[in-house]
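Per the working numbering, residue 102 is the first one in the sequence shown, and the count goes up by one each step.
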Amino acid sequence: MRAKAEDLRRDGKKIAVVPTMGALHEGHLALVRHARARADVVILTIFVNPTQFGPKEDLSRYPRDEEGDLVKARPAGIDLAFCPSAEAMYPPGAQTFVEVRELQKPLCGASRPGHFAGVASVVTKLFHITKPHLAVFGEKDYQQLAIIRRMTRDLDFGIEIQGVPIVREADGLALSSRNAYLSPEQRLAALSLSKGLAAAEAAYKGGERDAKALVAAARAPLAAEPLARIDYVELRDADELSELERADQKAVLAIAAFVGTTRLIDNRVLGG
102 MRAKAEDLRR DGKKIAVVPT MGALHEGHLA LVRHARARAD VVILTIFVNP TQFGPKEDLS
162 RYPRDEEGDL VKARPAGIDL AFCPSAEAMY PPGAQTFVEV RELQKPLCGA SRPGHFAGVA
222 SVVTKLFHIT KPHLAVFGEK DYQQLAIIRR MTRDLDFGIE IQGVPIVREA DGLALSSRNA
282 YLSPEQRLAA LSLSKGLAAA EAAYKGGERD AKALVAAARA PLAAEPLARI DYVELRDADE
342 LSELERADQK AVLAIAAFVG TTRLIDNRVL GG
């Protein structure tokens with residue numbers, strides 16, 4: 102992969118990479134199409150990264166369908182797919198990690214210690230291997246996107262990071278590979294995340310700026326749903342992810358909740 106990327110760069114081609122963990126859905130394909138419109142060569146990476154899963158998380162059962170993923174991705178516009186093994190990505194004795202110290206602490210970082218060190222490290226490796234000019238990520242994983250942007254800036258990667266808006270089902274549910282875990286009843290319950298965000302956004306558009314009021318509006322549908330268990334609902338600065346008392350600047354309202362045993366995330370950017 103590295104040799105191929107070097108050849109492409111030597112030929113003057115603009116490379117875009119779309120890093121994924123596979124189990125592709127329309128949200129991933131939107132990333133590929135975004136990259137296709139902006140680069141000469143689009144590389145899709147598929148790698149279920151073990152270092153971003155905690156000891157009690159779903160690494161072993163995370164959905165995998167490499168052949169099906171490639172069937173979906175080719176018409177969307179990929180030129181190359183890089184699908185390494187864990188053994189190739191992490192040689193024996195590997196012990197080096199990349200951390201974005203402050204941005205990794207709140208939100209999902211508080212609930213999943215070590216998760217974002219795994220994310221930042223594997224993305225660093227994928228960047229070194231695929232040598233892109235442009236990398237495309239989804240805005241559903243808002244904290245991840247913020248961390249990768251900061252890491253890329255801080256470490257002078259010289260790669261443009263672009264985010265693509267959340268892709269949703271017609272009823273508002275944010276697309277996620279983990280939606281496959283949900284029973285029909287749980288899927289209905291999962292709508293409480295997007296309903297909460299919609300309620301908070303409506304309050305914001307109506308002039309509400311108090312963080313506690315906006316969070317309360319977002320929490321209400323979740324609290325009323327017996328199959329949902331809230332991990333967090335927080336209003337944070339859109340860039341620094343610091344806590345806000347008021348949404349007087351660009352902010353992100355972020356939710357994580359368990360529906361059954363499945364942890365789902367969603368967010369809405371307010372202002373800016």
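Positions of the beta carbon are idealized from the N, C-alpha and C atoms, including for glycine.
query                                                                                                                           : result
Inter-residue Cα distance where the pair is N368 and A324                                                                       : 17 Å
Chain-order list of residues whose beta-carbon lies under 7 Å from that of A312 (same chain, five-residue window excluded)      : L336, L345, E346, R347, A348
G239 - containing alpha helix (DSSP H), residue span                                                                            : Run containing G239: none in the alpha helix (DSSP H); it sits in the beta strand (DSSP E), 235–239.
With 16 other Cβ atoms within 10 Å as the buried cut-off, status of P233                                                        : buried
Proximity of A117 and V237 at Cβ, strictly below 8 Å                                                                            : yes
Continuous alpha helix (DSSP H) stretch holding A174: start and end                                                             : 167–177
For L256, the residue or residues it bridges with in DSSP                                                                       : Beta-bridge pairing links L256 to no other residue.
8 Å contact criterion, which V199 and T225 should meet: CB distance rounded                                                     : 5 Å
First through last residue of the beta strand (DSSP E) which encompasses P120                                                   : 116–121
Three-state class that DSSP yields for D145 in the structure shown                                                              : It is Leu, not Asp, that sits at residue 145 in the sequence shown. In the structure shown, L145 sits in a strand (DSSP, three-state: E or B).
Close beta carbons around V133, own chain, < 7 Å, minus the five adjacent residues each side                                    : V119, V143, L145, A174, A177, G178, I179
Given A124 as reference, the closest of A290, V360, G169, F258 once Cα atoms are compared                                       : G169
Three CB pairs or more closer than 8 Å across the segment 349–368 and the segment 290–299                                       : yes
Close-in-space but distant-in-sequence residues of the same chain around H129 (CB under 7 Å, 5 per side omitted)                : T121
Nearest-angstrom Cβ-Cβ length linking G264 and E240, presumed shorter than 8 Å                                                  : 5 Å
Contacts around P207, its chain only, beta-carbon distance under 6 Å, and the 5 residues preceding and following it disregarded : L342
Rounded Cβ spacing between Q287 and V360 (contact assumed at less than 8 Å)                                                     : 5 Å
Nearest-angstrom beta carbon gap, G215 and G155 [assumed within contact, 8 Å]                                                   : 7 Å
Within 8 Å, strictly: CB atoms of L365 and A314                                                                                 : no
Beta-bridge partners of G264, as assigned by DSSP                                                                               : F238
Span of the beta strand (DSSP E), counted from its first residue to its last, around F228                                       : Premise fails: F228 lies in the alpha helix (DSSP H), 216–231, not in any beta strand (DSSP E).
Span separating the alpha-carbon of E270 from that of G194                                                                      : 43 Å
Assigned exposure category for Q153 - 16 Cβ within 10 Å defines buried                                                          : buried
With 16 other Cβ atoms within 10 Å as the buried cut-off, status of Q205                                                        : buried
Contact under 8 Å by Cβ, F228 with M102                                                                                         : no
Rounded C-alpha distance that separates A221 from T253                                                                          : 10 Å
Alpha-carbon spacing of A138 relative to A317, whole angstroms                                                                  : 40 Å
Boundaries of the beta strand (DSSP E) in which D367 is found, first to last residue                                            : 363–371
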